[in-house]
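Protein sequences, first through last, are from chains V and D. All the letters of the first sequence, read from the start, carry residue numbers 67 to 211 under my numbering. All the letters of the second sequence, read from the start, carry residue numbers 8 to 430 under my numbering. For glycine and all other residues, C-beta sits at the position ideal for the given N, C-alpha and C. Keep in mind that this is a model prediction, so the values were computed, not measured.
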Amino acid sequence: MLKRMTISVALATAALMTAGCMATPKNLDLSLAKKSASGVYYVELLPPVQAPAINQMHSWTVKLATADGAPVQGAKFLVDGGMPQHGHGLPTQPRVTREREAGTYTLDGMKFSMTGWWEMKLSIDGPQGADKVTFNAVVNNPSAR
Amino acid sequence: MKTRVIWAFAAVAAFTASVFAAQELSAPLRDKWTAEEVATIASMRLKVAGERPADFSNAYEQKAEAAALGRALFNDTRLSKNGQVSCASCHSAAGQFEDGRQFGQGVGTGKRRTMPVMGAAHAPFLFWDGRKDSAWSQALGPLEDPAEHGGNRVAFVQLVLSHYKAQYQAAFGPAPALGQLPENATPNGSDAERAAWAALPAKTRDGVNRVFANMGKAIAAYERNIAYGASRFDQYAEATVRGDARGQESLTHQEVRGLRAFLNKGQCVTCHNGPLLTDHAFHNTGVPPVDPKNPDRGRIDGLKQLLKDEFNCLGPYSDAKPEQCGELQFLNTNDAGQLGAFRTPSLRNVAARAPYMHAGQFASLDQVLQHYATSPKAAIGHSELARPGEKHAERQTIRLSATDIQDLAAFLHAFTGPVVQPK
Numbered sequence: 067m068l069k070r071m072t073i074s075v076a077l078a079t080a081a082l083m084t085a086g087c088m089a090t091p092k093n094l095d096l097s098l099a100k101k102s103a104s105g106v107y108y109v110e111l112l113p114p115v116q117a118p119a120i121n122q123m124h125s126w127t128v129k130l131a132t133a134d135g136a137p138v139q140g141a142k143f144l145v146d147g148g149m150p151q152h153g154h155g156l157p158t159q160p161r162v163t164r165e166r167e168a169g170t171y172t173l174d175g176m177k178f179s180m181t182g183w184w185e186m187k188l189s190i191d192g193p194q195g196a197d198k199v200t201f202n203a204v205v206n207n208p209s210a211r
Numbered sequence: 008m009k010t011r012v013i014w015a016f017a018a019v020a021a022f023t024a025s026v027f028a029a030q031e032l033s034a035p036l037r038d039k040w041t042a043e044e045v046a047t048i049a050s051m052r053l054k055v056a057g058e059r060p061a062d063f064s065n066a067y068e069q070k071a072e073a074a075a076l077g078r079a080l081f082n083d084t085r086l087s088k089n090g091q092v093s094c095a096s097c098h099s100a101a102g103q104f105e106d107g108r109q110f111g112q113g114v115g116t117g118k119r120r121t122m123p124v125m126g127a128a129h130a131p132f133l134f135w136d137g138r139k140d141s142a143w144s145q146a147l148g149p150l151e152d153p154a155e156h157g158g159n160r161v162a163f164v165q166l167v168l169s170h171y172k173a174q175y176q177a178a179f180g181p182a183p184a185l186g187q188l189p190e191n192a193t194p195n196g197s198d199a200e201r202a203a204w205a206a207l208p209a210k211t212r213d214g215v216n217r218v219f220a221n222m223g224k225a226i227a228a229y230e231r232n233i234a235y236g237a238s239r240f241d242q243y244a245e246a247t248v249r250g251d252a253r254g255q256e257s258l259t260h261q262e263v264r265g266l267r268a269f270l271n272k273g274q275c276v277t278c279h280n281g282p283l284l285t286d287h288a289f290h291n292t293g294v295p296p297v298d299p300k301n302p303d304r305g306r307i308d309g310l311k312q313l314l315k316d317e318f319n320c321l322g323p324y325s326d327a328k329p330e331q332c333g334e335l336q337f338l339n340t341n342d343a344g345q346l347g348a349f350r351t352p353s354l355r356n357v358a359a360r361a362p363y364m365h366a367g368q369f370a371s372l373d374q375v376l377q378h379y380a381t382s383p384k385a386a387i388g389h390s391e392l393a394r395p396g397e398k399h400a401e402r403q404t405i406r407l408s409a410t411d412i413q414d415l416a417a418f419l420h421a422f423t424g425p426v427v428q429p430k
């Protein structure tokens, strides 16, 4: 059953990609937990519990750990991102504003001004060294019915 | 913006499932749309905008006394250097609260196209370059702009406190004691005006600024009640969402073809999204500058002005707490893409307000659409539009035929609705 659903999803995606210009690329990595580019950290992004409206400012949670899972305290972050399909950056300059508990940080000032594929890039500077990680998020309109 | 967006993190699948199932529940509709298109059309309905969001920086915006004073100030030509210019001179209540001119015409001639008042209460940033972050702060700018009202705050504050004292106090309480004031003084004017301003005690300057800020807050309270009304597009969108076949007749076949192009090959909805048909953001789309030797730098300069503005959300005359000034706290000041970028205007009532773009460069919607079909190189900064023939990994070129342009131009007329304003 799961396999069949996956296949039908792939077909539907292909249909959309030929139909519209705004379609999200196939095989986009939408995982929100991954190793940083050089493998120094394991980073997890947690979206807000209630999905925000377009253009509504909101916060995410960043969980930072070493490659083997130990929480990393006292890290500094730079946040960047934007829409590769439209050639513009984030409408705001989000910041990691505080470390709520060991290795759990609050990312404030996030805003998506339109639907589609957004990149969220973190430059991490922590005790284990500097590394980067890029996440992909796809923002959609709510279903009309 | 009460409607919540849906996230698709686990799989791209979330929005692609049952793509063609949208109209299954009802009688056959005249125009078929995919579920994703219906969701986009639904998100563009005016009613999705909901109540105008509160402006925490203006504690008086919902006060009737402030709105009444604001309306009087909006129409008072004494608030100008030559006694002939009011806000209403360029923002005419008889039309679209703009002037139909390429450049605003006040005491002098401005450099940009006048923007309409409707929709301002929903915008986080005002003016084409977003150099203001509230409607009340925006209203103060033209009063001291030498090309617009051409006046100064000390003269205006004295006028308000002599001609509108009772109305002012009804809205804002007792006016500060200002003592003896020079006839003209401001930190922004001529050498003499700036010298006169600098000579005032700090407490007096603060009192003048307070009354001046309240003038803006009163005007914003009036402007808050000026809004877009529903258009034929909104009727069509509602009918399409509800599965009402007859309701879809509110758009012609040509307009529906234009809507299809708007959502797909024209890529218009990318930036002209949501109920006000704007993403409230700033983009460089390569619109040709009026003076190629001295191109307008747009948002990148607007950012600098916004940050140093004493009347911004974090300033001493704002009623907001610092944490309520999210747009300023998280302002993106480090984006090279802001060079030559301008605010995405609403497309509501767009057919009723030629000419177009930040300096009225295009006389007609056809010319605007032709610009996007051509997607020229930007004269300053970099256009976000992929150029024809350009190989870009992610972006796709806008390709519009002559017929597409006609259909889109026809469709854009369907965004025209009434202007709702106080009687």
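Cross-strand partners of residue i (DSSP beta bridge)
i: Thr116 (chain D); result: D:Gln112
i: Lys7 (chain D); result: Shown here, chain D extends from 8 to 430; a query on residue 7 (chain D) therefore has no answer.
i: Pro193 (chain V); result: Paired residues: none, contrary to the question.
i: Lys142 (chain V); result: V:Asp191
i: Leu76 (chain D); result: In the DSSP output, where bridge partners are listed per residue, Leu76 (chain D) has none listed.
i: Tyr171 (chain D); result: DSSP output for Tyr171 (chain D) lists no bridge partner at all.
i: Lys7 (chain V); result: In the structure displayed, chain V extends from 67 to 211; residue 7 (chain V) sits before or after that span and is not available.
i: Arg164 (chain V); result: V:Thr172
i: Val427 (chain D); result: D:Ala234
i: Thr84 (chain D); result: Answer is none; Thr84 (chain D) lacks a bridge partner.
i: Trp183 (chain V); result: V:Val204
i: Pro137 (chain V); result: V:Ala131
i: Ala158 (chain V); result: The question names Ala, but residue 158 (chain V) is Thr in the sequence shown. Paired residue(s): D:Leu338.
i: Trp126 (chain V); result: V:Leu173
i: Glu110 (chain V); result: V:Ala99 and V:Lys129
CB contact flag (residue i, residue j, <8 Å)
i: Arg355 (chain D); j: Met125 (chain D); result: yes
i: Leu346 (chain D); j: Gly388 (chain D); result: yes
i: Tyr363 (chain D); j: Leu407 (chain D); result: no
i: Thr351 (chain D); j: Cys278 (chain D); result: yes
i: Val167 (chain D); j: Met222 (chain D); result: yes
i: Arg120 (chain V); j: Ser179 (chain V); result: Residue identity check: residue 120 (chain V) is Ile in the sequence provided, not Arg. Yes, the pair counts as a contact, with Cβ atoms nearer than the cut-off.
i: Gly113 (chain D); j: Glu155 (chain D); result: yes
i: Arg108 (chain D); j: Ala366 (chain D); result: no
i: Ala220 (chain D); j: Phe318 (chain D); result: yes
i: Pro302 (chain D); j: Ala409 (chain D); result: no
i: His241 (chain D); j: Leu53 (chain D); result: Reading off the sequence shown, one finds Asp at residue 241 (chain D), where the question assumed His. Contact: yes.
i: Tyr268 (chain D); j: Asp411 (chain D); result: A small fix is needed here, since residue 268 (chain D) is Ala in this sequence, not Tyr. Cβ atoms of Ala268 (chain D) and Asp411 (chain D): closer than 8 Å.
i: Ala196 (chain V); j: Trp184 (chain V); result: no
i: Tyr243 (chain D); j: Gln255 (chain D); result: yes
i: Gly148 (chain V); j: His154 (chain V); result: yes
i: Ser371 (chain D); j: Ala361 (chain D); result: yes
i: Thr292 (chain D); j: Leu392 (chain D); result: yes
i: Val199 (chain V); j: Val109 (chain V); result: yes
Option in the options with minimal Cα separation from residue i
i: Asp191 (chain V); options: V:Ala210, V:Asp146, V:His154 and V:Gly140; result: V:Gly140
i: Lys177 (chain V); options: D:Leu335, D:Gly102 and D:Gln368; result: D:Leu335
i: Val106 (chain V); options: V:Asn206, V:Ala210 and V:Pro193; result: V:Pro193
i: Asn191 (chain D); options: D:Ala228, D:Phe81 and D:Ala206; result: D:Ala206
i: Thr259 (chain D); options: D:Glu155, D:Asp106, D:His420 and D:Ile412; result: D:His420
i: Arg59 (chain D); options: D:Lys315, D:Ala228 and D:Asn271; result: D:Ala228
i: Thr340 (chain D); options: D:Cys97, D:Thr47 and D:Gly137; result: D:Gly137
i: Leu144 (chain V); options: V:Gly135, V:Pro160 and V:Lys92; result: V:Pro160
i: Leu314 (chain D); options: D:Lys430, D:Cys332, D:Pro299 and D:Gln174; result: D:Cys332
i: Lys118 (chain D); options: D:Gln374, D:Pro429 and D:Arg304; result: D:Arg304
i: Gln312 (chain D); options: D:Ala358, D:Gly148 and D:Phe179; result: D:Gly148
i: Ala358 (chain D); options: D:Leu415, D:Phe81 and D:Gly322; result: D:Leu415
i: Ser104 (chain V); options: V:Leu94, V:Asn93, V:Ala133 and V:Leu111; result: V:Ala133
i: Gln428 (chain D); options: D:Ala75, D:Thr41 and D:Ala56; result: D:Ala75
i: Thr158 (chain V); options: D:Arg37, D:His287, D:Lys384 and D:Thr404; result: D:His287
i: Ala146 (chain D); options: D:Ala225, D:Thr423, D:Thr116 and D:Lys210; result: D:Ala225
i: Gly215 (chain V); options: V:Ala89, V:Glu165 and V:Ala99; result: This structure cannot speak to residue 215 (chain V), because chain V is shown only from 67 to 211.
i: Leu80 (chain D); options: D:Val375, D:Leu150, D:Ser325 and D:Phe349; result: D:Leu150
i: Lys92 (chain V); options: D:Glu401, D:Ser93, D:Val45 and D:Phe422; result: D:Glu401
8 Å Cβ cutoff, residue i in contact with chain B
i: Gly305 (chain D); result: The structure shown contains no chain B; the protein chains it does contain are V and D.
Between the segment 165-196 of chain V and chain D, which residues of the former have a C-beta closer than 8 Å to a C-beta of the latter?
Asp174, Gly175, Lys177, Phe178, Ser179, Met180, Thr181 and Gly182
Within the chosen definition, does the segment 158-173 of chain V reach the segment 126-140 of chain V through at least 3 CB pairs nearer than 8 Å?
yes
Using a Cβ-Cβ cutoff of 7 Å, what residues of the segment 142-160 of chain V are near chain D? List them in chain order.
Pro150, Gln151, His152, Gly153, His154, Gly155, Leu156, Pro157, Thr158, Gln159 and Pro160
Can you confirm whether the segment 76-89 of chain D touches the segment 156-176 of chain D when touching is taken to mean that 3 or more C-beta pairs between the two stretches lie within less than 8 Å?
yes
Residues, ordered as in the chain, of the segment 123-144 of chain D that lie near chain V by beta-carbon distance below 7 Å:
none
Output needed in chain order: residues of the segment 413-427 of chain D with a Cβ under 9 Å from some Cβ in chain V.
none
Which residues of the segment 258-289 of chain D have a Cβ closer than 9 Å to any Cβ of chain V? Give them in chain order.
Leu270, Asn271, Lys272, Gly273, Gln274, Val276, Thr277, Cys278, Asn280, Gly281, Asp286, His287, Ala288 and Phe289
Note down, in chain order, all residues in the segment 324-356 of chain D with a beta-carbon under 8 Å from any beta-carbon belonging to chain V.
So the list reads Gly333, Glu334, Gln336, Phe337, Leu338, Asn339, Thr340, Asn341, Asp342 and Gly344, given in the order they occur along the chain.
For the segment 292-304 of chain D, which residues have a CB atom closer than 8 Å to at least one CB atom of chain V, in sequence order?
Of all residues in the segment 292-304 of chain D, none has a Cβ within less than 8 Å of some Cβ in chain V.
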